[in-house]
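Just so we're aligned, residue 1 is where the sequence shown starts under the UniProt record's numbering, counting upward by one.
To start, the structure under review is shown below, and the notes come after it.
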Amino acid sequence: MNIKNINLRVKTGDSVILTCGNDKGKVGEILKVDKKNMRVVVKGVNIKKKHQKPTNDTQGGIVEMEKSVHISNVAHVLDGKAAKVTYSIKDDKKVLVFKKSEKEVRS
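Laid out in structure tokens, this is it:
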């Protein structure tokens, strides 16, 4: 399967909610999408500590950073709750919309 053609329905900048795990219910913005491994990095979610060695240009110590979560564990947010999305044709363009309200996800 060609990884470039996989449609994940999420993009950088989308607002999502975590549906399971330790951070269940937290809302954040997508910072990075990894299509190959089907994972996303969400701002303020799944924060882990990394013990980093000092180098010539960075100071060492314990650094907190966001780790990736699987794409199946996030959902788009509508009014603070997880919502289903689908594609719709508007003005001869394929647009991602919420199923219940028919609002565009990225407007």
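Note that beta-carbon positions come from the ideal geometry of N, C-alpha and C, so glycine has one too.
Next item on the list: Below 8 Å CB to CB, which residues in the same chain sit around Thr12 once its five sequence neighbours on both sides are set aside?
Entry: Counting from one through the sequence shown, the residue named residue 12 turns up at place 12. Closer than 8 Å at the Cβ level, and outside the excluded window around Thr12, lie Ile30, Leu31, Lys32 and Val33.
Margin query: Could you pull the DSSP bridge partners for residue 114 from this structure?
Written below: Nothing can be reported for residue 114, as the shown portion of the chain is limited to 1 through 107.
Next item on the list: Identify the continuous beta strand (DSSP E) that holds Leu78 and give its terminal residues.
Entry: To locate residue 78, count along the sequence shown from 1; it is residue 78. Val74 to Leu78 is the extent of the beta strand (DSSP E) around Leu78.
Item checked: Contact check, Ser88 vs Val95, beta carbons under 8 Å -> Locating residue 88 in the sequence shown gives position 88, where the first residue counts as 1. Locating residue 95 in the sequence shown gives position 95, where the first residue counts as 1. Against a cut-off of 8 Å, the Cβ pair of Val95 and Ser88 comes out as a contact.
Next item on the list: Could you name the residues of the same chain whose beta carbon sits closer than 7 Å to that of Arg39, not counting the 5 residues immediately before and after it, in chain order?
Entry: The residue given as residue 39 occupies position 39 in the sequence shown. Same-chain partners within the cutoff: Ser68, Val69, His70 and Ile71.
Next item on the list: For Val16, collect the residues of the same chain with a Cβ closer than 8 Å to its Cβ; drop the 5 residues on either side in sequence, then sort them by chain order.
Entry: Taking the sequence shown and counting its residues from 1, the one referred to as residue 16 is at position 16. Val10, Val27, Gly28, Glu29, Ile30, Val40, Val42, Val74, Ala75, His76 and Val77, listed in sequence order.
Next item on the list: Look at the alpha carbon of Val105 and the alpha carbon of Thr58, and state the distance between them as a whole number of angstroms.
Entry: On the sequence shown, residue 105 is found 105 positions in, with the first residue counted as 1. On the sequence shown, residue 58 is found 58 positions in, with the first residue counted as 1. Using only the alpha carbons, I get a separation of about 39 Å.
Margin query: I need the DSSP call for Ile89, collapsed to helix, strand or coil.
Written below: For the purposes of this step, residue 89 is taken as the residue at position 89 of the sequence shown. Residue state, collapsed to three classes: strand.
Next item on the list: Sort Lys99, Gly44 and Gly61 by Cα distance to Asn22 and report the nearest one.
Entry: Working through the sequence shown from its first residue, we reach residue 22 at position 22. Cα-wise, what sits closest to Asn22 is Gly44.
Next item on the list: From the DSSP output, in three-state form, read off Ile47 for me.
Entry: The residue given as residue 47 occupies position 47 in the sequence shown. Three-state result, Ile47: strand.
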